[in-house]
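**Student:** So the protein sequences, as listed, match chains A and B. Per the working numbering, the very first residue in the first sequence carries number 1; after that it's consecutive. Per the working numbering, the very first residue in the second sequence carries number 255; after that it's consecutive. Sharing a structure here in structure tokens format.
There are 2 protein chains.
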Amino acid sequence: MMRYKDRPENYKEMRLSPYKKEFQYSYVLGLFPVIELIDNLPEAIFRIVTSSKLSDSGRAVLAEKAKEAGIAISTDDRTIERLSPKENTFAVGVFRKFEGNIDPAKDHVVLVDPADKGNLGNIVRTSVAFNFSQIVMIGRSADFFDPHTVRASMGAVFHVSPLFFRSFDEYAAAAGSRTYYPFMLKGSPMESERPDISAPCSLIFGNESSGLDDSFLNVGKPLRITHGSGVDSLNLTVAAGIGMHWFSHAKNIF
Amino acid sequence: MMRYKDRPENYKEMRLSPYKKEFQYSYVLGLFPVIELIDNLPEAIFRIVTSSKLSDSGRAVLAEKAKEAGIAISTDDRTIERLSPKENTFAVGVFRKFEGNIDPAKDHVVLVDPADKGNLGNIVRTSVAFNFSQIVMIGRSADFFDPHTVRASMGAVFHVSPLFFRSFDEYAAAAGSRTYYPFMLKGSPMESERPDISAPCSLIFGNESSGLDDSFLNVGKPLRITHGSGVDSLNLTVAAGIGMHWFSHAKNIF
Numbered sequence: 001m002m003r004y005k006d007r008p009e010n011y012k013e014m015r016l017s018p019y020k021k022e023f024q025y026s027y028v029l030g031l032f033p034v035i036e037l038i039d040n041l042p043e044a045i046f047r048i049v050t051s052s053k054l055s056d057s058g059r060a061v062l063a064e065k066a067k068e069a070g071i072a073i074s075t076d077d078r079t080i081e082r083l084s085p086k087e088n089t090f091a092v093g094v095f096r097k098f099e100g101n102i103d104p105a106k107d108h109v110v111l112v113d114p115a116d117k118g119n120l121g122n123i124v125r126t127s128v129a130f131n132f133s134q135i136v137m138i139g140r141s142a143d144f145f146d147p148h149t150v151r152a153s154m155g156a157v158f159h160v161s162p163l164f165f166r167s168f169d170e171y172a173a174a175a176g177s178r179t180y181y182p183f184m185l186k187g188s189p190m191e192s193e194r195p196d197i198s199a200p201c202s203l204i205f206g207n208e209s210s211g212l213d214d215s216f217l218n219v220g221k222p223l224r225i226t227h228g229s230g231v232d233s234l235n236l237t238v239a240a241g242i243g244m245h246w247f248s249h250a251k252n253i254f
Numbered sequence: 255m256m257r258y259k260d261r262p263e264n265y266k267e268m269r270l271s272p273y274k275k276e277f278q279y280s281y282v283l284g285l286f287p288v289i290e291l292i293d294n295l296p297e298a299i300f301r302i303v304t305s306s307k308l309s310d311s312g313r314a315v316l317a318e319k320a321k322e323a324g325i326a327i328s329t330d331d332r333t334i335e336r337l338s339p340k341e342n343t344f345a346v347g348v349f350r351k352f353e354g355n356i357d358p359a360k361d362h363v364v365l366v367d368p369a370d371k372g373n374l375g376n377i378v379r380t381s382v383a384f385n386f387s388q389i390v391m392i393g394r395s396a397d398f399f400d401p402h403t404v405r406a407s408m409g410a411v412f413h414v415s416p417l418f419f420r421s422f423d424e425y426a427a428a429a430g431s432r433t434y435y436p437f438m439l440k441g442s443p444m445e446s447e448r449p450d451i452s453a454p455c456s457l458i459f460g461n462e463s464s465g466l467d468d469s470f471l472n473v474g475k476p477l478r479i480t481h482g483s484g485v486d487s488l489n490l491t492v493a494a495g496i497g498m499h500w501f502s503h504a505k506n507i508f
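See the structure below:
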């Protein structure tokens, strides 16, 4: 079960301002992602605004879904323009922020201080592709609910349980007995390892610039993705994708 | 050997304007990437502009490298501001665009209509990490030389031979006998395949939105990266990274 932030008291008629991190709610932009949200987390969404340019067929689909879920739809071009000034957006969904419950029996993707919203959204998309549903963010993470993150995830943020911890120790205390795989340049070659299939596992990735600090050398089994010397490191989303692919296929999930 | 575009006639004193795709030259922004360019492709770079805020030690390193390569350095804050208005840039290198020569004996990364500069730069970075030096761009590619692409590549664009073709057929006519691996959702599972080690190979990736069209089902051995049904597809840079990692490690390059 997901835990949701409260709706604002005047949620039906309040003026919608451009997104800020301190809001209890956020926006999903575009007809397809709005429908994805209604289908996956209907309790989260509490208002839908459409553009007068939305096609009749798009409006019909949206109206039916919203009715089933008991969500109000209004048409308001000025609000759309205010929330999405640069894009050709025809529908905006307003949704309560949410947080999952940690499941010690599942595999986790753990991100320590991920800084870039595009990277974070992309990693969530990859996580869903490789059947990870628990996404742990530790420390000063980019905003999981920012409309840029939501967009980069292609709606995948609505398919996972986001989990937020202040420190790795706080996370480890809640995560249960498991095998940790920190990805770092000082680790041993991932390509020579088989993932532990006797316990749940955590794949841990560090910040874009600084990676994971040396304290992670003492956490579980540090791994590196072997590559040539032409570049210092792989891009974070690429490294996370390669790590998740290795893990899910070695575990024969598919 | 690389083939270079001509320098502008008045290259020593011409006013430098914000980058446009039709220029014969482009810009690399930042002290570290400028030094990377001098070290790797000294014939390409023909002018260096620095900010008055550049540190004395940075200026000393740059001056020595530029002197060896016979390149003029000037200090000009207004030009820096014009070329890089949003960033805190202390050095800009002006370089001639270049094109490599196709090598039929090497493995190639082939990108069909890649649309996003950030993705293109990132894929070039990953290509260098996995020892691909021939990057083929086919059709309406994002601009390989745009400063955004150069930045996303972390300077890796200066480590590869870029090759440009109007169509796949034109490329295939020049590429020599080889095994083609188009990555597409209708391919067979990559994870069950071993790359051909008896011939040079090409890994082929399509556009971010449309992928590769069905005509590629008749080209070589189409492959898909197996993933769950939670998302329609992987992000292009992630898919390219997983494909290159599979290939280079199965070939035991490292």
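Note that the Cβ used here is the ideal one computed from N, Cα and C, for glycine as well. A quick note: this is a predicted structure, and the numbers were derived from the prediction, not measured.
For residue 241 of chain A versus residue 492 of chain B, is the C-beta distance shorter than 7 Å?
**Tutor:** Against the first sequence, residue 241 of chain A aligns to sequence position 241. Against the second sequence, residue 492 of chain B aligns to sequence position 238. A contact, by the Cβ cut-off of 7 Å.
**Student:** Where does the unbroken beta strand (DSSP E) through residue 52 of chain A begin, and where does it stop?
**Tutor:** On the first sequence, residue 52 of chain A is found 52 positions in, with the first residue counted as 1. Secondary structure note for residue 52 of chain A: it is in no beta strand (DSSP E), with a DSSP letter that is neither H nor E.
**Student:** Decide if the segment 3-17 of chain A is in contact with the segment 128-138 of chain A; the criterion is three or more beta carbon pairs, one per stretch, under 8 Å apart.
**Tutor:** Counting Cβ pairs under 8 Å, fewer than three are found: no touch.
**Student:** Considering just the uninterrupted stretch of the alpha helix (DSSP H) at residue 497 of chain B, what are its terminal residues?
**Tutor:** By 1-based counting over the second sequence, the position of residue 497 of chain B is 243. Residue 497 of chain B -> alpha helix (DSSP H) spans 490-504.
**Student:** Run the CB neighbour count on residue 36 of chain A, radius 10 Å, all protein chains shown included, and call it buried at 16 or more, exposed below.
**Tutor:** The residue given as residue 36 of chain A occupies position 36 in the first sequence. The C-beta of residue 36 of chain A has 16 or more other C-beta atoms within 10 Å across all chains shown, which makes the residue buried.
**Student:** Compute the Euclidean distance between the alpha carbons of residue 197 of chain A and residue 465 of chain B, then round it to the nearest angstrom.
**Tutor:** Here residue 197 of chain A refers to the residue found at position 197 when the first sequence is read from its first residue. Here residue 465 of chain B refers to the residue found at position 211 when the second sequence is read from its first residue. Residue 197 of chain A and residue 465 of chain B have their alpha carbons spaced roughly 34 Å apart.
**Student:** Ordered along the chain, which non-local residues of its own chain (more than five positions away) have a Cβ less than 7 Å from that of residue 297 of chain B?
**Tutor:** For the purposes of this step, residue 297 of chain B is taken as the residue at position 43 of the second sequence. Answer for residue 297 of chain B: 258, listed in chain order.
**Student:** Assign residue 101 of chain A to buried or exposed, taking buried as 16 or more other Cβ atoms, counted over all protein chains shown, within 10 Å of its Cβ.
**Tutor:** Within the first sequence, numbered from 1, the residue matching residue 101 of chain A stands at position 101. Under a 10 Å Cβ-count criterion, residue 101 of chain A is classified as exposed, with fewer than 16 other Cβ atoms of the shown protein chains found around its own Cβ.
**Student:** Once DSSP output is grouped into helix, strand and coil, what is the label at residue 137 of chain A?
**Tutor:** Position 137 of the first sequence, counted from the first residue, corresponds to residue 137 of chain A. When DSSP states are grouped into helix, strand and coil, residue 137 of chain A belongs to the strand group.
**Student:** For chain A, is any of its Cβ atoms less than 7 Å away from the one on residue 302 of chain B?
**Tutor:** Within the second sequence, residue 302 of chain B is the residue found at index 48, counting from 1. No, because no Cβ of chain A sits closer than 7 Å to the Cβ of residue 302 of chain B.
**Student:** According to DSSP, is residue 345 of chain B helix, strand or coil?
**Tutor:** Locating residue 345 of chain B in the second sequence gives position 91, where the first residue counts as 1. Of the three classes helix, strand and coil, the one that applies to residue 345 of chain B here is strand, per DSSP.
**Student:** Which residue's Cα is closest to the Cα of residue 375 of chain B: B:408, B:346, B:338, B:485?
**Tutor:** Position 121 of the second sequence holds residue 375 of chain B. Comparing Cα-Cα distances from residue 375 of chain B to each of B:408, B:346, B:338, B:485, the minimum goes to B:408.
**Student:** Taking the alpha-carbon of residue 98 of chain A as reference, which of A:214, A:112, A:2 has the nearest alpha-carbon?
**Tutor:** To locate residue 98 of chain A, count along the first sequence from 1; it is residue 98. For the residues A:214, A:112, A:2, the minimum Cα distance to residue 98 of chain A belongs to A:2.
**Student:** Residues in the segment 120-141 of chain A with C-beta within 8 Å of chain B's C-beta atoms, listed in sequence order?
**Tutor:** 122, 125, 126, 128, 129, 130, 131
**Student:** Name the one or two DSSP bridge partners that residue 207 of chain A has.
**Tutor:** Position 207 of the first sequence, counting from 1, holds the residue named residue 207 of chain A. Its beta-bridge partners are A:211.
**Student:** Can you have a look at residue 207 of chain A and say buried or exposed, based on whether 16 or more other CB atoms are within 10 angstroms of its CB?
**Tutor:** The residue labelled residue 207 of chain A in the question sits at position 207 within the first sequence. Residue 207 of chain A should be labelled buried.
**Student:** Between residue 433 of chain B and residue 455 of chain B, is the Cβ-Cβ spacing less than 7 Å?
**Tutor:** Numbered from 1 along the second sequence, position 179 holds the residue referred to as residue 433 of chain B. Numbered from 1 along the second sequence, position 201 holds the residue referred to as residue 455 of chain B. Taking the C-beta atoms as reference points, residue 455 of chain B is found nearer than 7 Å to residue 433 of chain B.
**Student:** Following the continuous beta strand (DSSP E) through residue 484 of chain B, name the residue where it begins and the one where it ends.
**Tutor:** Along the second sequence, one-based indexing puts residue 484 of chain B at 230. Here residue 484 of chain B belongs to no beta strand (DSSP E), and DSSP marks it neither H nor E.
**Student:** Please confirm whether residue 135 of chain A and residue 160 of chain A have their CB atoms less than 7 Å apart.
**Tutor:** To locate residue 135 of chain A, count along the first sequence from 1; it is residue 135. To locate residue 160 of chain A, count along the first sequence from 1; it is residue 160. Yes, these two residues count as a Cβ contact at 7 Å.
**Student:** Spatial neighbours of residue 185 of chain A within its chain, please: C-beta separation below 6 Å, excluding the five flanking residues on both sides.
**Tutor:** Within the first sequence, the letter at position 185 stands for residue 185 of chain A. Around residue 185 of chain A: 224.
**Student:** Using the rule of at least 16 other Cβ atoms within 10 Å of the residue's Cβ for burial, across every protein chain shown, is residue 29 of chain A buried or exposed?
**Tutor:** The residue you call residue 29 of chain A lines up with position 29 of the first sequence. Answer is buried; the Cβ neighbour count reaches 16.
**Student:** Residue 191 of chain A: which of B:482, B:339, B:489, B:501 sits nearest, CA to CA?
**Tutor:** To locate residue 191 of chain A, count along the first sequence from 1; it is residue 191. The option with the nearest alpha carbon to residue 191 of chain A is B:501.
**Student:** Name the DSSP bridge partner or partners of residue 25 of chain A?
**Tutor:** Residue mapping note: residue 25 of chain A aligns to position 25 of the first sequence, counting from 1. Bridge partners of residue 25 of chain A: A:96.
**Student:** Measuring straight from C-alpha to C-alpha, what distance separates residue 429 of chain B and residue 393 of chain B?
**Tutor:** Along the second sequence, read from residue 1 onward, the residue named residue 429 of chain B stands at position 175. Along the second sequence, read from residue 1 onward, the residue named residue 393 of chain B stands at position 139. Taking the straight line from one Cα to the other gives about 16 Å.
**Student:** Would you mind giving the Cβ-Cβ distance between residue 171 of chain A and residue 221 of chain A, rounded to the nearest angstrom? I have them listed as a contact below 8 Å.
**Tutor:** Along the first sequence, read from residue 1 onward, the residue named residue 171 of chain A stands at position 171. Along the first sequence, read from residue 1 onward, the residue named residue 221 of chain A stands at position 221. Contact between residue 171 of chain A and residue 221 of chain A does not hold, since the beta-carbon distance rounds to 17 Å and is not under 8 Å.
**Student:** Can you confirm whether residue 410 of chain B, when its beta carbon is compared against all beta carbons of chain A, has any partner nearer than 7 Å?
**Tutor:** The sequence position of residue 410 of chain B within the second sequence is 156, counting from 1. Yes, residue 410 of chain B counts as interfacial toward chain A.
**Student:** Would you tell me roughly how many angstroms separate the C-alpha atoms of residue 303 of chain B and residue 370 of chain B, rounded to the nearest one?
**Tutor:** Along the second sequence, read from residue 1 onward, the residue named residue 303 of chain B stands at position 49. Along the second sequence, read from residue 1 onward, the residue named residue 370 of chain B stands at position 116. Taking the straight line from one Cα to the other gives about 28 Å.
**Student:** Check this for me: beta carbons of residue 95 of chain A and residue 45 of chain A, under 7 Å apart or not?
**Tutor:** Here residue 95 of chain A refers to the residue found at position 95 when the first sequence is read from its first residue. Here residue 45 of chain A refers to the residue found at position 45 when the first sequence is read from its first residue. Taking 7 Å as the Cβ cut-off, residue 95 of chain A and residue 45 of chain A qualify as a contacting pair.
**Student:** Given that a residue counts as buried once 16 or more other Cβ atoms are within 10 Å of its Cβ, and exposed if not, what is residue 88 of chain A?
**Tutor:** Numbered from 1 along the first sequence, position 88 holds the residue referred to as residue 88 of chain A. Label assigned to residue 88 of chain A: exposed.
**Student:** Kindly list, in the order they appear in chain D, the residues whose Cβ is closer than 8 Å to that of residue 225 of chain A.
**Tutor:** The question asks about chain D, but that chain is absent: this structure's protein chains are A and B.
**Student:** Looking at chain A, which residues of the segment 443-476 of chain B have a Cβ within less than 9 Å of any of its Cβ atoms?
**Tutor:** 443, 445
**Student:** Does residue 485 of chain B come within less than 7 Å of chain A when only Cβ atoms are used?
**Tutor:** Residue numbering aside, residue 485 of chain B sits at position 231 when the second sequence is read from its first letter. Chain A, which has a Cβ nearer than 7 Å to the Cβ of residue 485 of chain B, makes this yes.
**Student:** Between which two residues does the beta strand (DSSP E) holding residue 110 of chain A run?
**Tutor:** Against the first sequence, residue 110 of chain A aligns to sequence position 110. Segment 108-112, the beta strand (DSSP E) holding residue 110 of chain A.
**Student:** If you follow the beta strand (DSSP E) that residue 183 of chain A is part of, which residue opens it and which one closes it?
**Tutor:** Position 183 of the first sequence holds residue 183 of chain A. From DSSP, the beta strand (DSSP E) with residue 183 of chain A extends over 179-189.
**Student:** Can you pull the chain B neighbours of residue 35 of chain A, defined as C-beta to C-beta under 7 Å?
**Tutor:** As a working note, residue 35 of chain A is residue 35 in the first sequence. The contacting residues do not exist; residue 35 of chain A stays about 14 Å from chain B at best.
**Student:** Which residue comes first and which comes last in the beta strand (DSSP E) that contains residue 42 of chain A?
**Tutor:** Against the first sequence, residue 42 of chain A aligns to sequence position 42. Looking at the DSSP string, residue 42 of chain A is not in any beta strand (DSSP E), and its letter there is neither H nor E.
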